[in-house]
Amino acid sequence: MAVISRTLFLTLLLALLALLSASPSLAQSHQDNEVLLQKKVSRLEAKASKNKGVIQLDSLAFEDVMAKPRNYSMVVLFTAISPEFNCVPCLNFDPEYKMVAAGWSKLANKSQLFFSILDFKAGQAIFQKFGMNSAPSVLYFPASSSYSGDASQDRYDFGRSGFQAEPFAAWLQARSGINVKVQRPFDFMGLAVKILGTFTAVFTVTVFAKKGHKIFTSKYFWSTISMIIIFVMISGHMWNQIRNPPYSMPTQQGRSGFIASGFQNQFGLETQIIAVLYSLLTGAAIGLIAVVPRIENPVGQRATVWVCMGMFTLVFSVLIQVFKAKNPGYPFTLMFR
């Protein structure tokens, strides 16, 4: 019995000595992990600062940023913005997502959360791992949580919240607890429209007050109102009110794009361009029908005919080019190729 007790005591003593000898190495290992994690966060901050708060990922980079240890949260936008995919929703949400990321990058505690983009061409393996067969899709990965390929993380619902930056920022605030202010660029066009609308309203009220009866019984007044309504409807303004598309969208070359590809999509600026083209075509036709017959001078009459016909041909050629921009397979042209 004494031998067993002595053996048990020696075993416990050796275990205690082993534990004490391992403690410094465990502490050193924990310290090394902290150093590695800090370097990892510093790299992510540097990448985010170079691209206005957004980190571009590929399959390997995704695995790296999601690997433990991870004391930060990640928002990943799974998208497909390459031209061959023709993903209009991806193009619509891309600037809104980057707007929220830029606002987040201005906060003091921005290292708690990072914004990243994983394009399908650069991360097909990750798309397959998460079973994603559509884009765009946004997943939120909280800090210090393990990730798997079953897409079980928190997903942003585009069908319920839409593609605007404001509801997306509110969705992030509910998860991170930090408010992100969305700062949109100043809308000079909107201000100009408001000023013009106010001036038109004041002028209309003033004129109506003096000559209301003559105006309301004038065929020119009602013809003008009818044409304005027609221009607004055939240019797609009602579709804009229903679908709320972006005003314009930057192209892959960084220029401002104002014609959306395909007949199921359009931009707000595109609607205004079409309305102006239709107005010019109508003006040329009215000039030929109503103005030319009233000109008594043959030289002036002939010159007016040439001007109206030239404007009609030029504007109609531009309209065909817009049609070709939406449908590259359209084979016909007029003045331009």
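Counting with mature numbering (1 follows the signal peptide of the UniProt record, and there is no 0), you get residues -27 to -1, 1 to 310 for the letters of the sequence shown. Backbone N, C-alpha and C define an ideal beta-carbon position, used for all residues, glycine too.
Status (buried if at least 16 other CB within 10 Å, exposed otherwise) for residue i
| i | result |
| --- | --- |
| T306 | exposed |
| F236 | exposed |
| A108 | buried |
| S208 | buried |
| T244 | buried |
| S89 | buried |
| I232 | buried |
| D123 | Annotation note: pLDDT 39 at D123 (below 50); position unreliable, coordinate value reported separately. Classification for D123: exposed. |
Three-way DSSP call (helix, strand, coil) for residue i in this model
| i | result |
| --- | --- |
| R148 | helix |
| Q101 | helix |
| I232 | coil |
| L204 | First, the amino acid is wrong: residue 204 is Phe here, not Leu. The answer is helix: DSSP assigns F204 an H, G or I state. |
| Y113 | strand |
| residue 321 | Given that the chain is displayed from residue -27 to residue 310, the structure contains no residue 321 and the question cannot be resolved. |
| V27 | strand |
| L80 | coil |
| L33 | helix |
| R43 | coil |
| Y193 | helix |
Euclidean distance between Cα positions of residue i and residue j
| i | j | result |
| --- | --- | --- |
| F296 | N217 | 22 Å |
| I247 | Y129 | 35 Å |
| E139 | V155 | 6 Å |
| I198 | F204 | 10 Å |
| G241 | F58 | 22 Å |
| F189 | W144 | 51 Å |
| Q29 | A142 | 20 Å |
| V288 | N270 | 27 Å |
| A258 | D67 | 42 Å |
N-terminal and C-terminal residue of the alpha helix (DSSP H) that residue i is part of
| i | result |
| --- | --- |
| M47 | From DSSP, M47 is part of no alpha helix (DSSP H) but of the beta strand (DSSP E) over S46 to T52. |
| Q245 | G241 to I259 |
| L287 | P271 to K299 |
| L213 | Before going further, note that residue 213 is Asn rather than Leu in the sequence given. Residues H210 to R216. |
Run of the beta strand (DSSP E) containing residue i, from where it starts to where it stops
| i | result |
| --- | --- |
| I90 | L86 to D92 |
Cβ of residue i within 8 Å of any chain C Cβ
| i | result |
| --- | --- |
| M284 | Absence of chain C from the displayed structure is noted, only one protein chain being present. |
Inter-stretch contact at 8 Å, needing at least 3 Cβ pairs: the stretch 209 to 216 / the stretch 168 to 185: no
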